[in-house]
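*Asks:* One structure coming up, written as structure tokens, with questions to follow.
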Amino acid sequence: MAAATARFEARVNRDTHALLKRAAELEGRSLSDFVIRAAQEAARKTIAEAEILNLSLADQTAFAAALLNPPQPNTALQRALEQHNRLIGHD
-8 MAAATARFEA RVNRDTHALL KRAAELEGRS LSDFVIRAAQ EAARKTIAEA EILNLSLADQ
52 TAFAAALLNP PQPNTALQRA LEQHNRLIGH D
């Protein structure tokens, strides 16, 4: 069974159209295929960059230290755990 498709249209000025068409020709692709592939690559890159946590060296060190030597739970955290256990239960 063929995959479902959705239609996408965009209006661009003549210079942009010519630029995209030329690039598509250079790659031996249709204009639609070129634009779709370029948009997919840009979308994946944008999503990947948004999902990466960028920390300074000092923040990386502090994060690693907190993971390796976590602080004791404070009162608020202990109360939150107790409330969670009352409402949700525990394993």
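Everything in the sequence shown is counted per my numbering, starting at -8 for the first residue and increasing by one.
For each residue, glycine too, the CB sits at the ideal point set by N, CA and C.
Please read these numbers as outputs of a predicted model, since none were measured by experiment.
Measuring CB to CB, does A22 end up less than 7 Å from A15?
*Replies:* Here residue 22 is Leu; the residue named in the question, Ala, does not match the sequence. For L22 and A15, yes; Cβs fall inside 7 Å.
*Asks:* Between which two residues does the alpha helix (DSSP H) harbouring F25 extend?
*Replies:* L22 to E42 is the extent of the alpha helix (DSSP H) around F25.
*Asks:* Going by DSSP, what residue range makes up the alpha helix (DSSP H) through H75?
*Replies:* Looking at the DSSP string, the run of the alpha helix (DSSP H) that includes H75 is T66 to L78.
*Asks:* Using the C-alpha atoms, what's the distance from A(-3) back to A30?
*Replies:* C-alpha separation (whole angstroms): 15 Å.
*Asks:* I believe F(-1) touches L11 by the beta-carbon criterion, under 8 Å. Please report the beta-carbon distance rounded to the nearest angstrom.
*Replies:* Actually they are not in contact, since the Cβ atoms of F(-1) and L11 sit about 14 Å apart, beyond 8 Å.
*Asks:* Could you tell me the alpha carbon to alpha carbon distance between A67 and F54, rounded to whole angstroms?
*Replies:* Roughly 21 Å between the two C-alpha positions.
*Asks:* Return the chain-ordered list of same chain residues with a C-beta closer than 8 Å to the C-beta of D6, the five sequence neighbours on each side being excluded.
*Replies:* Excluding sequence neighbours, D6 sits near nothing in its chain.
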